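Numbering (our numbering), first residue to last: 151 to 295. Backbone N, C-alpha and C fix where the C-beta goes; we use that ideal spot for every residue, glycine too. Nothing here was measured: the structure is a model prediction, and the numbers come from that model.
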Amino acid sequence: MFRNQYDNDASTWSPQGRIFQVEYASEAVKQGTAVVGLKSKTHAVLVAVKRSPNELASYMKKVIRIDDHMGIAVAGLTSDARVLSNYLRTEAMRSKLMYGRALPVGRAVSMIGDKAQTNTQEYGRRPYGVGLLVIGHDDTGPHLY
């Protein structure tokens with residue numbers, strides 16, 4: 151894409167009404183590998199395509215375990231996924247230490263959304279170029295977000 155003065159951060163609009171950083175992040179997710187999530191009344195499953203970018207590189211991890219009851223699958227930039235997964239692991243451990251129970255899956259998804267939204271509102275930060283599927287189970291059954 152053509153780079154110009156409007157693609158430096160996520161809080162500057164171009165004259166055409168576009169935010170280029172958001173478009174770049176969306177394009178990174180589109181170019182990621184396929185990830186599929188399935189949920190039934192008793193189970194939730196994540197499946198990801200495992201491919202190497204070239205023959206000299208190793209496979210990238212696309213399914214990441216967060217806690218005993220929760221995991222994520224990623225499409226897009228793996229480094230951004232690593233940042234978000236480490237954040238989720240920290241919050242899951244904090245929930246176990248402070249409240250003595252596992253972090254509810256819905257609350258974890260809400261926390262990730264809040265963290266991702268913050269980057270689009272601050273100058274000098276960029277949106278995460280990763281799409282996440284989050285699965286987990288709790289007292290109400292399996293969940294897929």
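For D288, the uninterrupted beta strand (DSSP E) run begins and ends at 280 to 288, by DSSP.
When secondary structure is reduced to three states using DSSP, G167 falls in the coil class, being assigned neither helix nor strand. The DSSP-derived three-state label of D217 is strand.
Secondary-structure assignment with DSSP links H293 through a beta bridge to G286. In this structure, G281 places its C-beta atom within 8 angstroms of the C-beta atom of G182. If you draw a straight line from the Cα of D288 to the Cα of R239, it is about 17 angstroms long.
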